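Peer 1: Position 209 (the sequence shown) corresponds to 648 in our numbering; numbering is contiguous.
If you scroll down you'll find the structure; I have some questions about it.
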Amino acid sequence: MSDESRPSPAADAAGTAAGARTAAVIPAAGRGVRLGPGAPKALRTLGGTPMLVHAVRAMAASRLVSLVVVVAPPDGATEVKALIDAHALPERTDVLVVPGGESRQESVRLGLDALPPEYDTVLVHDAARPLVPVDTVDTVVEAVRGRAPAVVPALPLADTVKEVGPPAAPGGVEPVVATPERARLRAVQTPQGFEREVLVRAHATVTENVTDDASMVEQLGLPVVAVPGHEEAFKVTRPLDLVLAEAVLARRRLNDGF
Ligand code: CTP
Ligand code: MG
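Have a look at this one:
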């Protein structure tokens with residue numbers, strides 16, 4: 440059985456706990472400018488299947504997740520709904536499709552607005568991270584249910600990171616101003632997990648542009664914790680990432696064959 444379809448082991452105990460219902464919001468409304476010309480990024484295919492469908496299946500693979508809210512390109516909600524209906528998903532999983540907005544933040548907020556009241560835990564997962572393993576999804580949900588208001592999957596960095604300043608003249612070289620200690624830095628992935636009320640409050644309060652949801656919770660002064668991420672949860676951003684994603688799928692097919 441593949442990583443994608445293997446049921447999550449943690450499910451039975453936690454999934455039936457009273458009042459613990461988890462939904463995943465998948466922002467998929469971006470164009471994918473850095474990937475180059477073509478269809479919107481979430482609709483580009485990997486192994487013949489749209490990236491968005493991989494991402495929905497990755498969330499649905501967790502028995503802890505019973506609803507997936509897909510935030511589609513603003514003019515593409517009907518097409519996305521048809522696409523999802525055309526692909527098999529576990530019976531236990533409901534899917535809603537809503538149109539997205541101008542920024543990722545706005546798209547996530549529109550997804551949150553569509554959540555039925557009974558969901559008290561929310562994952563936010565980039566459609567652009569189609570290959571996240573189910574164990575990572577389960578780890579994040581369990582950490583939230585263990586009473587962390589916000590949880591991020593994170594990995595140590597391979598590269599050293601430099602902070603740079605503006606060039607002295609337009610087009611000039613950038614002066615390096617600092618080197619944060621690499622061992623204390625983490626690269627943060629999705630799904631990020633939240634107590635619903637906390638994430639809704641963060642989206643209602645923080646107005647400046649951010650690149651992830653957890654940083655909005657940090658701005659509220661609430662604790663955010665990191666759990667181990669996974670190298671297969673990388674974000675498909677540039678053309679080379681498509682090559683890597685196809686290679687990961689090929690490796691999974693090979694492993695499934697033996
Ligand atoms: N996203 C969204 N709504 C937007 C912009 C982004 O739902 N207005 C989503 C993307 O579809 C993606 C996730 O947010 O799943 C992460 O964003 P990113 O990787 O930056 O994707 P794009 O914005 O599509 O890519 P680019 O920045 O290269 O245009
Ligand atoms: Mg973007």
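We put the beta carbon where it would ideally sit given N, CA and C, even for glycine.
Computed from a predicted structure; not experimentally measured.
Taking only runs that begin and end inside the region 592-670, name each unbroken beta strand (DSSP E) of 3 or more residues, in chain order.
Peer 2: Listed in chain order, they are 615-617, 625-627, 631-634, 664-667.
Peer 1: Straight-line CA distance for T575 to L549?
Peer 2: Walking along the sequence shown from the start, residue 575 turns up at place 136. Walking along the sequence shown from the start, residue 549 turns up at place 110. Rounded to the nearest angstrom, the two C-alpha atoms are 25 Å apart.
Peer 1: Sorry if obvious, but does the Cβ on E541 come closer than 7 Å to a heavy atom of the ligand CTP?
Peer 2: The residue given as residue 541 occupies position 102 in the sequence shown. Checking the Cβ of E541 against the ligand CTP gives yes.
Peer 1: Looking at T560 and G632, is the spacing between their C-beta atoms short of 8 Å?
Peer 2: As a first step, residue 632 is located in the sequence shown; it is residue number 193 there, counting from the start. As a first step, residue 560 is located in the sequence shown; it is residue number 121 there, counting from the start. Yes, they are a contact pair.
Peer 1: Given a cut-off of 8 Å, decide if V603 and V615 are closer than it, judged by their beta-carbon atoms.
Peer 2: Residue mapping note: residue 615 aligns to position 176 of the sequence shown, counting from 1. Residue mapping note: residue 603 aligns to position 164 of the sequence shown, counting from 1. The answer is yes: Cβ separation under 8 Å.
Peer 1: At 3 residues or longer, and completely inside the region 559-594: list those beta strand (DSSP E) runs for me, N to C.
Peer 2: DSSP runs (the beta strand (DSSP E)) wholly in the region 559-594: 560-563.
Peer 1: Buried or exposed for P667, going by 16 or more other Cβ atoms inside 10 Å?
Peer 2: By one-based count along the sequence shown, residue 667 stands at place 228. Its Cβ having fewer than 16 others within 10 Å, P667 is exposed.
Peer 1: P572: buried (16+ other C-beta within 10 angstroms of its C-beta) or exposed?
Peer 2: Numbered from 1 along the sequence shown, position 133 holds the residue referred to as residue 572. By the 10 Å Cβ count, P572 comes out buried.
Peer 1: Determine the direct distance from the alpha carbon of G539 to that of A467, and round the result to whole angstroms.
Peer 2: The residue you call residue 467 lines up with position 28 of the sequence shown. The residue you call residue 539 lines up with position 100 of the sequence shown. The straight-line gap from Cα to Cα measures roughly 8 Å.
Peer 1: Taking all protein chains shown into account, do 16 or more other C-beta atoms lie within 10 angstroms of the C-beta of F697, making it buried, or fewer, making it exposed?
Peer 2: Start at 1 with the first residue of the sequence shown, and residue 697 comes out as number 258. Under this definition F697 is an exposed residue.
Peer 1: Can you list, in chain order, the residues of its chain with a C-beta nearer than 6 Å to that of H526? Leave out the 5 residues immediately preceding and following it.
Peer 2: Here residue 526 corresponds to residue number 87 of the sequence shown, with the count starting at 1. Counting only Cβ-Cβ distances below 6 Å, and skipping sequence neighbours, we find V492.
Peer 1: For G632, is the beta carbon positioned less than 7 Å from some heavy atom of the ligand MG?
Peer 2: Walking along the sequence shown from the start, residue 632 turns up at place 193. No, Cβ of G632 sits at least 7 Å from all heavy atoms of the ligand MG.
Peer 1: Taking Cβ to Cβ, would you say K674 is nearer than 8 Å to R568?
Peer 2: Working through the sequence shown from its first residue, we reach residue 674 at position 235. Working through the sequence shown from its first residue, we reach residue 568 at position 129. Yes, the Cβ-Cβ distance between K674 and R568 is below 8 Å.
Peer 1: Using the DSSP secondary-structure output, state which residues sit across from T461 in a beta bridge.
Peer 2: Residue numbering aside, residue 461 sits at position 22 when the sequence shown is read from its first letter. Its beta-bridge partners are V504, T560.
Peer 1: Less than 8 Å separating the beta-carbons of R460 and Y558?
Peer 2: Working through the sequence shown from its first residue, we reach residue 460 at position 21. Working through the sequence shown from its first residue, we reach residue 558 at position 119. It is a contact, given that the beta carbons lie within the stated cut-off.
Peer 1: Judging by CA-CA distance, which residue of A462, T488, G487, L594 is the nearest neighbour of L554?
Peer 2: For this step, residue 554 is matched to residue 115 along the sequence shown. For L554, the nearest C-alpha among the options comes from A462.
Peer 1: According to DSSP, is A499 part of a helix, a strand, or is it coil?
Peer 2: As a working mapping, residue 499 is identified with position 60 in the sequence shown. Reduced to three states, the DSSP call for A499 is helix.
Peer 1: Tell me the DSSP bridge mates of V472?
Peer 2: Taking the sequence shown and counting its residues from 1, the one referred to as residue 472 is at position 33. Answer is none; V472 lacks a bridge partner.
Peer 1: Can you give the Cα-Cα distance for V464 and R473, rounded to whole angstroms?
Peer 2: The residue you call residue 464 lines up with position 25 of the sequence shown. The residue you call residue 473 lines up with position 34 of the sequence shown. So the two alpha carbons sit approximately 23 Å from each other.
Peer 1: Please list the terminal residues of the continuous alpha helix (DSSP H) segment that includes V547.
Peer 2: By one-based count along the sequence shown, residue 547 stands at place 108. Here the alpha helix (DSSP H) through V547 covers 543-552.
Peer 1: Just checking G469 against the ligand MG - is the residue's beta carbon closer than 7 Å to any of the ligand's heavy atoms?
Peer 2: For the purposes of this step, residue 469 is taken as residue 30 along the sequence shown, with counting starting at 1. Because some heavy atom of the ligand MG lies under 7 Å away, the Cβ of G469 counts as near it: yes.
Peer 1: Can you round the beta-carbon distance between R496 and M490 to whole angstroms, since I take them to be within the 8 Å contact cut?
Peer 2: Within the sequence shown, residue 496 is the residue found at index 57, counting from 1. Within the sequence shown, residue 490 is the residue found at index 51, counting from 1. Actually they do not touch by this definition, with Cβ atoms about 11 Å apart.
Peer 1: Express the C-alpha separation of R625 and T618 in angstroms, rounding to a whole number.
Peer 2: Stepping through the sequence shown from its first residue, residue 618 is reached at position 179. Stepping through the sequence shown from its first residue, residue 625 is reached at position 186. Looking at the two C-alpha atoms, the distance is approximately 14 Å.
Peer 1: Say whether chain D places a C-beta atom closer than 8 Å to the C-beta of E657.
Peer 2: Absence of chain D from the displayed structure is noted, only one protein chain being present.
Peer 1: Is A597 near the ligand CTP - that is, is its Cβ less than 7 Å away from at least one heavy atom of it?
Peer 2: Along the sequence shown, one-based indexing puts residue 597 at 158. Every heavy atom of the ligand CTP is 7 Å or more from the Cβ of A597, so no.
Peer 1: Since I believe V537 is in contact with A511 (beta carbons under 8 Å), could you give me their beta-carbon distance rounded to a whole number of angstroms?
Peer 2: Start at 1 with the first residue of the sequence shown, and residue 511 comes out as number 72. Start at 1 with the first residue of the sequence shown, and residue 537 comes out as number 98. The pair is a contact, with the Cβ atoms about 7 Å apart (cut-off 8 Å).
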